[in-house]
Amino acid sequence: MTTLDTSSLTEMQNAILQRASTLKNAAGLSTSAAQDVGGVSSVVDGSKSGGILSFNDALNEAMSSVNDSYIQSTEAQDAYQKGETTDIASVMLSRQKASVAFQATLQMRNRLMDAYKTIMNMSV
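One point on numbering: in numbering that gives the first Met the number 0, the residue at position 28 of the sequence shown is 27, and numbering is uninterrupted.
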């Protein structure tokens, strides 16, 4: 059984947050900042309220954003097929954004599951 100290867990968490931020920026999703509260990093909403989001809220927001990009992609593709638009570049760009957002979601899920398994296998 592998044992991890708190510094390596913190490093892993920071690496995951950094990758998530990079993927989020690449996908063109809304930005949020990470704020250090009492030694624990938490997600802070970038809106005017500045309220701290729970993990569940952040996850729901991210999934909603991925779903929205997929819907926009589908609508752009349908409009192109119906002849309502002739801009193939915007259709392909929206498809790529949706694909990147979905791939980022899958990678994040895999990272979170690995972190969860590691934590659950720690000896106390």
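Using N, Cα and C, we set each Cβ at its ideal position, and we do this for glycine too.
If you're wondering where the values come from, they're calculated on a predicted model, not measured in any experiment.
Looking only at its chain, what residues have a beta carbon closer than 8 Å to the beta carbon of residue i, apart from the 5 residues adjacent to it on each side?
i	result
T84	A75, A78 and V90
Which residue from the options puts its Cα closest to that of residue i?
i	options	result
V99	M119, K23, T73 and M121	K23
Q102	A19, M11, A14 and E10	A19
Would residue i and residue j be called neighbours here (beta carbons separated by less than 8 Å)?
i	j	result
A57	T104	no
R94	S72	yes
A88	Y69	no
For residue i, which residues of its own chain have a beta-carbon under 7 Å away from its beta-carbon, when the five flanking residues on both sides are left out?
i	result
R110	I15
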